[in-house]
Amino acid sequence: MNFTITKVQLFLMLFFRTTGIIFIAYSEALLNAGGRDAWIMFFVAAAFVFLQLCLYEKFYKYFELGKIIGWIYIFSWILLLVVSLIYLQYTLNIWVLENTPNSVSLLLMLFVSYYISVSRPSTAVNMPVFLIPFVLIFVIFLMFATPELEFSRLFPIGTSSGHQWIIGTLYGLASFTGLEGYLVLRKYVLPEDKLRFKDILIYQSIITLFSGFLLLVVKMYFATASLPYITEPTLYILKSIEVTFVKRLDIFFLYIWLCWSIISFSLIIFNIRVVYFQKKRKHEKMPMIVLHIFLFIGSIAFLNIGVVELFRDYLQYFYIPYTVILPIFVIWKNKGRGSKCAK
Numbered sequence: 007m008n009f010t011i012t013k014v015q016l017f018l019m020l021f022f023r024t025t026g027i028i029f030i031a032y033s034e035a036l037l038n039a040g041g042r043d044a045w046i047m048f049f050v051a052a053a054f055v056f057l058q059l060c061l062y063e064k065f066y067k068y069f070e071l072g073k074i075i076g077w078i079y080i081f082s083w084i085l086l087l088v089v090s091l092i093y094l095q096y097t098l099n100i101w102v103l104e105n106t107p108n109s110v111s112l113l114l115m116l117f118v119s120y121y122i123s124v125s126r127p128s129t130a131v132n133m134p135v136f137l138i139p140f141v142l143i144f145v146i147f148l149m150f151a152t153p154e155l156e157f158s159r160l161f162p163i164g165t166s167s168g169h170q171w172i173i174g175t176l177y178g179l180a181s182f183t184g185l186e187g188y189l190v191l192r193k194y195v196l197p198e199d200k201l202r203f204k205d206i207l208i209y210q211s212i213i214t215l216f217s218g219f220l221l222l223v224v225k226m227y228f229a230t231a232s233l234p235y236i237t238e239p240t241l242y243i244l245k246s247i248e249v250t251f252v253k254r255l256d257i258f259f260l261y262i263w264l265c266w267s268i269i270s271f272s273l274i275i276f277n278i279r280v281v282y283f284q285k286k287r288k289h290e291k292m293p294m295i296v297l298h299i300f301l302f303i304g305s306i307a308f309l310n311i312g313v314v315e316l317f318r319d320y321l322q323y324f325y326i327p328y329t330v331i332l333p334i335f336v337i338w339k340n341k342g343r344g345s346k347c348a349k
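Residue numbers (the working numbering): 7 to 349.
What follows is the structure in structure tokens.
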């Protein structure tokens with residue numbers, strides 16, 4: 007694939023790829039796993055991710071995927087896409103589409119995704135720009151819950167066990183899932199658009215403040231004992247906020263989240279396109295058709311609450327293998343033999 011992006015486009019893609027599908031749910035999982043110190047674990051994880059990005063920026067030229075590692079990433083992304091579709095459909099069934107056949111809503115989402123996947127690369131690259139105003143709107147409206155927040159629920163600290171710190175930190179890292187996308191797309195940044203330490207710091211500060219804000223609002227809104235019984239607490243908070251022009255604020259933002267998730271979904275597929283088409287192939291549309299048919303069949307076949315629970319319980323364990331161990335292995339292997347990636 008021949009395309010170029012700016013560093014701003016790279017960070018926008020990474021932001022919406024990372025926050026996308028999970029941002030309304032990760033707070034519940036992290037707080038339940040980490041206990042009272044969960045919010046501290048999140049910021050510790052964010053600092054680790056910042057250091058990780060700095061190292062990736064230093065060694066990204068050696069991230070040249072071979073055939074085997076490339077297919078490992080492709081299959082892991084496909085699995086993530088199937089599970090993400092199941093979670094999307096499950097959430098929509100609960101909140102707004104309980105009477106709509108699953109096949110209909112899945113086909114609509116996959117049709118949009120397919121259109122983006124067979125369009126020019128610039129379509130996927132520029133889609134995140136349209137979501138920027140909605141991020142600001144989302145944050146502003148969530149601030150209406152401020153009178154209901156109890157700052158005392160952040161304390162006392164230091165009460166979480168060692169096991170909670172391990173699992174909670176893993177959940178915190180999973181809040182930044184998709185970091186391998188930085189390595190996949192970094193070589194396409196315009197050479198004259200240099201990435202500096204401060205650029206990575208600004209990006210990581212923005213995504214940390216956004217995700218940390220959601221986490222702290224949930225932490226201060228709900229009593230600790232009630233969280234295990236609440237799913238998608240962010241939507242519950244929005245549901246409780248009363249405004250004059252929207253009867254159900256949670257439904258309004260649910261559709262924003264749906265658009266957000268579809269774009270995140272498309273960015274994962276864009277990563278698949280970049281890796282799959284790093285070598286010239288005769289047919290470009292047929293692999294995307296096959297991929298979307300497989301995603302539809304896989305989602306319909308495994309659409310049940312058990313898969314959603316597995317997704318919530320084990321997502322955090324994918325971070326270390328796919329965004330730490332595999333990239334380090336690829337970089338170490340290519341650096342050892344002096345091979346660098348080329349556009």
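Glycine residues also receive a C-beta, built at the ideal position from the N, C-alpha and C atoms. Quick caveat: nothing in here was measured; it's all calculated off a predicted structure.
DSSP three-state label for residue i, please.
| i | result |
| --- | --- |
| residue 163 | coil |
| residue 11 | strand |
| residue 272 | helix |
| residue 240 | helix |
| residue 107 | coil |
| residue 310 | coil |
| residue 25 | helix |
| residue 289 | coil |
| residue 137 | helix |
| residue 254 | coil |
| residue 264 | helix |
| residue 151 | helix |
| residue 37 | helix |
| residue 44 | helix |
| residue 248 | coil |
| residue 230 | helix |
| residue 97 | helix |
| residue 397 | Given that the chain is displayed from residue 7 to residue 349, the structure contains no residue 397 and the question cannot be resolved. |
Since residue i and residue j are thought to touch, with beta carbons under 8 angstroms apart, how far apart are those beta carbons, to the nearest angstrom?
| i | j | result |
| --- | --- | --- |
| residue 32 | residue 317 | At roughly 11 angstroms, the Cβ-Cβ gap does not stay under 8 angstroms, so residue 32 and residue 317 are not in contact. |
| residue 325 | residue 207 | The Cβ separation is near 21 angstroms, so there is no contact. |
| residue 238 | residue 97 | 7 angstroms |
| residue 264 | residue 95 | Their Cβ separation, rounded to whole angstroms, is 11 angstroms, which puts residue 264 and residue 95 out of contact at 8 angstroms. |
| residue 236 | residue 34 | 7 angstroms |
| residue 119 | residue 295 | No, residue 119 and residue 295 are not in contact; Cβ-Cβ is about 12 angstroms, not under 8 angstroms. |
| residue 128 | residue 9 | 7 angstroms |
| residue 117 | residue 247 | Contact doesn't hold; Cβ gap of about 33 angstroms is too wide. |
| residue 79 | residue 281 | 6 angstroms |
| residue 212 | residue 24 | No, residue 212 and residue 24 are not in contact; Cβ-Cβ is about 11 angstroms, not under 8 angstroms. |
| residue 108 | residue 233 | Between residue 233 and residue 108 the Cβ distance is about 28 angstroms, and since that is not below 8 angstroms, they are no contact. |
| residue 112 | residue 306 | 7 angstroms |
Thinking just about the alpha-carbon of each residue, which of the options is nearest to the one in residue i?
| i | options | result |
| --- | --- | --- |
| residue 200 | 245, 54, 64, 285 | 64 |
| residue 314 | 28, 66, 89 | 89 |
| residue 203 | 197, 18, 62, 233 | 62 |
| residue 177 | 46, 340, 338 | 46 |
| residue 334 | 221, 67, 163 | 67 |
| residue 100 | 44, 36, 242, 153 | 242 |
| residue 297 | 48, 43, 87 | 87 |
| residue 174 | 339, 221, 331, 115 | 221 |
| residue 7 | 139, 343, 190, 135 | 190 |
| residue 102 | 288, 123, 255 | 255 |
| residue 291 | 275, 124, 136 | 124 |
| residue 133 | 19, 41, 342 | 19 |
| residue 225 | 182, 161, 197 | 161 |
| residue 337 | 198, 293, 186 | 186 |
On the DSSP bridge assignment, give the partners of residue i in chain order.
| i | result |
| --- | --- |
| residue 195 | 11 |
> Three or more C-beta pairs closer than 8 angstroms, one from the region 259-269 and one from the region 63-76: is that the case here?
Replying inline: no
> Taking three-plus beta-carbon pairs below 8 angstroms as touching, is the region 26-41 in contact with the region 284-304?
Replying inline: no
>> Would the region 162-174 count as touching the region 283-292 if we require 3 or more Cβ pairs under 8 angstroms?
In response: no
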